[in-house]
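J.: Structure below; questions to follow.
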Amino acid sequence: MDNKDYLAFVFKHLKGLDMKDKISLLTLLEERVGKEISISGVKKCISGLFAKDLKALDVAFKAADREIKTVEKSSVKFISIFSPLYPPLLKEIYDPPFILFYRGLLPADYSRTVGVVGTRYPSGAALSAAFDMGFGFGVNGVRVVSGLALGIDRHSHIGNMAAEMPAIAVLGNGIDEIYPYANRKLAYQMLEDGGVIFSEFGPGIKPAKFTFPQRNRIISGLSSAVVVVQAPKRSGALITADFAAEQGREIYVHEAGLPFPQGAGGLALVEQGAKSVSGPVDVMMDLGWDVEIPVYKTDSLKEAEQHQLLSWELDDRAVNNSGIYYFKR
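For the sequence shown, the numbering used here begins at 851 and goes up steadily by one.
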């Protein structure tokens, strides 16, 4: 293991320092620790700079060593904050994960990514809007980042993948398990299509109340902007929006999710200054991105047109989502 990767594992488990101090100390250590230094040498280097609390440091060393053994046994892939492959947008946030586990293919470019989030129990209109967002972003080369949950997350991923865009998912549990179980098939299809699944949590970590807010900061951190499709007053999507605001990301709320009880949280965001949008084109134009391909869709067709669209669907030129056809142009 690279010495800098070992440093990242240690700092992941180090308690007693705030993130600013950790980053400052990491920067100093990065200059001192070379590949030619042994792991024991790395430990001595850290101990010399962290003499004020050697007990906390010893706990961090032991926790890091245990996790590294687990990772090596499971052959799980990871990147550390020192890696040139680490997502640049995520590295900009106040508290980036020191270690990011992943399955699938790492994107070569994160410049066109949008987080799409919302309730697990949306209205029908919001579900359609989530698919619409994912598809419209996908045909314009924008990757959707979401949490692989049921409801809005699931449909935004499906829409993105229907447009042949590899999606990005972030788990709120260990990288070795897909949660919820109902989305396993979707997750495997995502990986087959060239997407990637990230998690801050290593093998064996079960989902818990604290893991999902930590996951949400990564969703917003990987994204240039966040769209809340539909969210009630108490929703994890609102936590993601809060993180997005702290990270300097643009926040949008889809208008389709507002006139429902499940949309009360989104309505509050709009009242606080978030922009209401009707679809992906609004978001891309507001961000100053080129809209290369208009989003063509129709749900009002004559019988002859239905036959034509069916043939296009079979030829993979159109996608049918609940009776609404989306055209791949």
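Beta carbons are placed, not taken as given, at the ideal position from N, Cα and C, and that holds for glycine.
Flag this pair as touching only if the segment 958-972 and the segment 1041-1049 have three or more C-beta atom pairs under 8 Å; answer yes or no.
T.: These segments do not touch.
J.: If I measure Cβ to Cβ from ILE931 and keep anything under 7 Å in the same chain, skipping five residues before and after, which residues do I get?
T.: The residues are ALA858, LYS941, PRO946 and PHE948.
J.: When you compare only the Cα positions, how much space is there between PRO1111 and LYS927?
T.: PRO1111 and LYS927: Cα-Cα distance of roughly 41 Å.
J.: Taking the straight line between their C-alpha atoms, what separation do you get for ALA1091 and ARG970?
T.: Their backbone Cα atoms lie some 16 Å apart in a straight line.
J.: Rank VAL1077, GLY1113 and ALA1094 by C-alpha distance to the C-alpha of LYS1083 and give the top, closest one.
T.: Here the closest residue by C-alpha is GLY1113.
J.: When burial is assigned at 16 or more other CB atoms within 10 Å of the CB, is THR1061 buried or exposed?
T.: The residue is buried, with at least 16 neighbouring Cβ atoms inside 10 Å.
J.: Taking the alpha-carbon of VAL1169 as reference, which of ALA1012, ALA1095, ARG993 and THR877 has the nearest alpha-carbon?
T.: For VAL1169, the nearest C-alpha among the options comes from ALA1012.
J.: Determine, using beta carbons only, whether GLY1115 and ALA979 come nearer to each other than 9 Å.
T.: Against a cut-off of 9 Å, the Cβ pair of ALA979 and GLY1115 comes out as no contact.
J.: So, LEU1036 versus LEU998, is the Cβ gap smaller than 9 Å?
T.: The answer is yes: Cβ separation under 9 Å.
J.: In the DSSP output, what is GLU1100 paired with across the bridge?
T.: BP columns for GLU1100 point to ALA1075.
J.: Among LEU939, PRO938 and LEU864, which has the Cα closest to the Cα of PHE911?
T.: When only C-alpha atoms are compared, the closest one is LEU864.
J.: Enumerate in chain order the residues of its own chain whose CB-to-CB distance from VAL1133 is below 7 Å, with the five nearest sequence positions on each side excluded.
T.: Closer than 7 Å at Cβ, skipping near neighbours: VAL964, ALA1075, VAL1077, TYR1102 and VAL1127.
J.: Give the C-beta separation of GLY991 and ARG962 to the nearest angstrom, bearing in mind that I take them to be a contact with Cβ-Cβ under 8 Å.
T.: With 8 Å as the limit, GLY991 and ARG962 qualify as a contact, their Cβ atoms being about 6 Å apart.
J.: Using only CA atoms, which one of ASP1026, ASN1066 and ARG1004 lies nearest to LYS1056?
T.: Minimum Cα distance to LYS1056 is reached at ASP1026.
J.: Got a sec? Which residues, its chain only, sit under 7 Å from SER924 by beta carbon, not counting five neighbours each side?
T.: Same-chain partners within the cutoff: ASP1026 and PRO1053.
J.: Looking at the strands, I want to know which residues DSSP matches up with PHE1060.
T.: DSSP lists no partner for PHE1060.
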